[in-house]
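In my numbering, the protein residues as written are 18 to 387.
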Amino acid sequence: MKEKIKQLIRFRELKTLYDKYERLLMPGTLVVGVIVDVVTFQSIQIEIAFLILGIYAVIAGAAIAFIHLFDANKLEGRFFLIRYVRLTSPLIVQFTFGALLSASLIFYWFSGAFSVSWPFFLIVAILMASDDVLRHYYERAVVQISVYFFILFSIIALILPFIVNAIDLWVFVVSGLVSVCIIMIYTGVLARFVRTIQAQRFQIAFIVVFIFILMILSYVANVIPPIPLSIREAGVYHSVQPLYGGGYLLHDEDETILDQISPGERIHIAPGGRVFVYTAIFAPVDLRIRIVHHWQYYDESTRRWISKDRLSFSVAGGRNEGYRGFSMKTNVQPGIWRVDVETERRQVLGRIHIRVEEVAVRPELIEIVK
Numbered sequence: 018m019k020e021k022i023k024q025l026i027r028f029r030e031l032k033t034l035y036d037k038y039e040r041l042l043m044p045g046t047l048v049v050g051v052i053v054d055v056v057t058f059q060s061i062q063i064e065i066a067f068l069i070l071g072i073y074a075v076i077a078g079a080a081i082a083f084i085h086l087f088d089a090n091k092l093e094g095r096f097f098l099i100r101y102v103r104l105t106s107p108l109i110v111q112f113t114f115g116a117l118l119s120a121s122l123i124f125y126w127f128s129g130a131f132s133v134s135w136p137f138f139l140i141v142a143i144l145m146a147s148d149d150v151l152r153h154y155y156e157r158a159v160v161q162i163s164v165y166f167f168i169l170f171s172i173i174a175l176i177l178p179f180i181v182n183a184i185d186l187w188v189f190v191v192s193g194l195v196s197v198c199i200i201m202i203y204t205g206v207l208a209r210f211v212r213t214i215q216a217q218r219f220q221i222a223f224i225v226v227f228i229f230i231l232m233i234l235s236y237v238a239n240v241i242p243p244i245p246l247s248i249r250e251a252g253v254y255h256s257v258q259p260l261y262g263g264g265y266l267l268h269d270e271d272e273t274i275l276d277q278i279s280p281g282e283r284i285h286i287a288p289g290g291r292v293f294v295y296t297a298i299f300a301p302v303d304l305r306i307r308i309v310h311h312w313q314y315y316d317e318s319t320r321r322w323i324s325k326d327r328l329s330f331s332v333a334g335g336r337n338e339g340y341r342g343f344s345m346k347t348n349v350q351p352g353i354w355r356v357d358v359e360t361e362r363r364q365v366l367g368r369i370h371i372r373v374e375e376v377a378v379r380p381e382l383i384e385i386v387k
């Protein structure tokens with residue numbers, strides 16, 4: 018009896034301490050999750066990254082289930098340790114949600130141009146921020162499960178193209194359907210034990226279907242980038258020449274440090290000169306897809322971008338540094354240009370801004386081999 022009283026006193030002391038520093042602990046675990054992602058996913062193989070994401074997703078689902086089973090008195094009285102687990106479970110959810118959302122942001126960021134896909138990036142960023150600001154609202158089952166579904170959809174849509182070696186609308190739809198099945202089974206099992214979830218099943222189903230439809234429409238509208246394609250490298254050059262045995266010989270201007278850190282690209286050409294755009298695109302192994310360089314010129318009189326050319330080349334996946342390709346534009350007029358790196362469905366992987374300046378004598382060039 019005395020031992021139980023001591024355990025209860027220690028638990029209350031710990032809970033008091035937790036409540037006191039909750040406002041620091043919750044955002045702290047979110048930040049730790051983001052930092053772990055940034056460090057981890059830049060230094061490991063993609064397969065290991067997917068395994069880690071899968072573990073995070075399982076832990077998040079288990080933590081959510083534990084919280085609501087405990088609060089429904091389905092676990093009370095089994096053993097005293099579960100009270101400590103319940104106390105720390107919101108931190109576990111916070112950490113895993115933060116890690117999964119930041120991972121989605123990292124992978125989707127590298128697969129799309131911010132100027133095109135900013136609505137999707139904004140949604141993920143808002144979810145990450147509100148996960149802390151509205152943390153008490155996040156304790157509701159309907160909110161936790163809805164965010165959990167969004168995360169599952171985002172992660173499965175990232176992993177499935179590697180499994181089927183395809184990037185298309187049907188792959189994204191299947192990813193969504195798999196996520197819907199998982200979340201419906203998950204909710205159905207929990208609803209058998211937790212009355213509050215049982216009462217909210219219709220509301221949860223409605224939100225899940227709404228998110229599913231919104232994600233599909235966003236993909237069709239090219240707001241969601243073409244994951245898992247990503248640009249490893251892109252640049253503007255005076256010439257690009259394939260080398261015998263592989264690689265490319267690039268001719269570039271010798272830039273100053275200021276030129277290198279300035280946004281956009283600047284190139285000086287003689288009248289009637291040519292401009293080359295070189296890109297290296299990462300894609301899953303055995304995936305073959307056509308990449309398009311969409312050349313556009315900014316008409317200052319109408320303040321509109323005018324499409325000039327859509328030049329394409331095939332990409333074969335599997336090379337970590339990206340599959341290399343280039344396009345060439347002749348008789349380039351001086352002014353502001355941009356080249357959108359797109360899929361055939363016009364999903365934008367990246368956007369290269371170029372300022373073309375005409376000079377009487379072409380500047381001295383340096384050779385680069387890639």
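Built from N, CA and C at the ideal position, the CB exists for glycine as well.
Between the CA atoms of R327 and R372 - distance to the nearest angstrom: Straight across, the Cα-Cα distance linking R372 with R327 is about 19 Å.
Tell me where the alpha helix (DSSP H) around V197 begins and ends. Per DSSP, V197 belongs to the alpha helix (DSSP H) from 186-208.
What are the start and end residues of the beta strand (DSSP E) that includes V159? Looking at the DSSP string, V159 is not in any beta strand (DSSP E); the run it does join, the alpha helix (DSSP H), is 158-181.
Going by DSSP in three states, I284 sits in which element: helix, strand or coil? DSSP places I284 in strand when its eight states are reduced to three.
To which residues of the same chain is K325 closer than 7 Å at the C-beta, ignoring the five residues directly before and after it? W312, Q313, Y314.
Would the beta-carbon of I214 fall within 8 Å of that of A158? If you check the CB distance, I214 and A158 come in under 8 Å.
Is the separation between the beta-carbon of E317 and that of P351 shorter than 8 Å? Taking 8 Å as the Cβ cut-off, E317 and P351 do not qualify as a contacting pair.
What's the call for I383, buried or exposed, on a 16-neighbour Cβ count within 10 Å? Sixteen is the threshold: since fewer than 16 other Cβ atoms of the shown chains lie within 10 Å of the Cβ of I383, the residue is exposed.
Just to confirm, are L366 and I248 a CB contact at a threshold of 8 Å? In this structure, I248 lies closer than 8 Å to L366 by Cβ.
Where does P245 land, buried or exposed, given buried means 16+ other C-beta within 10 angstroms? Around the beta-carbon of P245, 16 or more other beta-carbon atoms lie within 10 Å, marking it buried.
In this structure, does DSSP put A116 in helix, strand or coil? Here A116 carries a helix assignment [DSSP, helix/strand/coil].
If you measure between the beta carbons of L177 and V190, is that distance less than 8 Å? L177 places its beta carbon 8 Å or farther from that of V190.
Out of F219, R320, E272, state which residue places its alpha-carbon closest to the alpha-carbon of G281. Between G281 and the set F219, R320, E272, the nearest pair of CA atoms involves E272.
I need the DSSP call for A80, collapsed to helix, strand or coil. Helix, per DSSP.
Sheet register partners of G367 (DSSP bridge): In the DSSP assignment, G367 is bridged to V358.
Taking the CB atoms as reference points, tell me whether I84 and R103 lie closer together than 8 Å. Using a Cβ distance threshold of 8 Å, I84 and R103 count as a contacting pair.
For P259, which beta-bridge partners are listed by DSSP? Beta-bridge partners of P259 (DSSP): Y265.
For E381, which residues from the same chain have a beta carbon less than 7 Å from its beta carbon, with the 5 sequence-adjacent residues on both sides left out? Closer than 7 Å at Cβ, skipping near neighbours: D271.
May I ask you to report which of helix, strand or coil DSSP gives R100? For R100, the secondary structure class from DSSP, reduced to helix, strand or coil, is helix.
Look at A80 and S106 and say whether their C-beta atoms are less than 8 Å apart. Yes, they are a contact pair.
Taking the straight line between their C-alpha atoms, what separation do you get for F293 and G252? One alpha carbon belongs to F293, the other to G252, and they sit about 8 Å apart.
Compare the beta carbon distance of I306 and I184 with 8 Å and say whether it is the shorter of the two. Between I306 and I184, the CB-CB gap stays under 8 Å.
Count the other CB atoms, across all protein chains shown, that sit within 10 Å of the CB of R368; report buried if there are 16 or more and exposed otherwise. It is buried - the Cβ of R368 has at least 16 other Cβ atoms within 10 Å.
Whole-number beta carbon distance between I224 and M232, since they are thought to touch under 8 Å: I224 and M232 do not touch by the CB rule: their CB atoms are close to 12 Å apart, not below 8 Å.
What is the rounded straight-line gap between the Cα of I286 and the Cα of R362? C-alpha separation (whole angstroms): 32 Å.
7 Å CB neighbourhood of R218 in its chain, flanking five on each side removed: Within the same chain, R218 has close Cβ partners T204, A208.
Buried or exposed: V386, going by 16 or more other Cβ atoms within 10 Å of its Cβ? By the neighbour-count criterion, in which a residue is buried when 16 or more other Cβ atoms sit within 10 angstroms of its Cβ, V386 is exposed.
For T347 and Y265, I'd like the C-alpha separation in whole angstroms. Distance between the alpha carbons of T347 and Y265: 20 Å.
Is L86 near F210, with beta carbons less than 8 Å apart? Between L86 and F210, the gap from beta carbon to beta carbon is short of 8 Å.
Roughly how many whole angstroms lie between the Cα atoms of Y101 and G71? One C-alpha to the other measures close to 25 Å.
Write down the C-beta distance between N239 and Q364 rounded to the nearest angstrom, noting that I regard them as a contact closer than 8 Å. Between N239 and Q364 the beta-carbon gap is near 5 Å, inside 8 Å, which marks them as a contact.
With a CB to CB cut of under 6 Å and the five nearest residues on each side skipped, what residues in its chain are close to S235? Answer for S235: I241, listed in chain order.
Cβ distance (whole Å) where I298 is taken to contact Y254 below 8 Å: Between Y254 and I298 the Cβ distance is about 17 Å, and since that is not below 8 Å, they are no contact.
C-beta atoms of I168 and F114 nearer than 8 Å: Yes, they are a contact pair.
Can G193 and F227 be called in contact, C-beta distance under 8 Å? In terms of Cβ geometry, G193 and F227 do not form a close pair [threshold 8 Å].
Helix, strand or coil for E384? Go by DSSP, reduced to three states. It is a strand residue.
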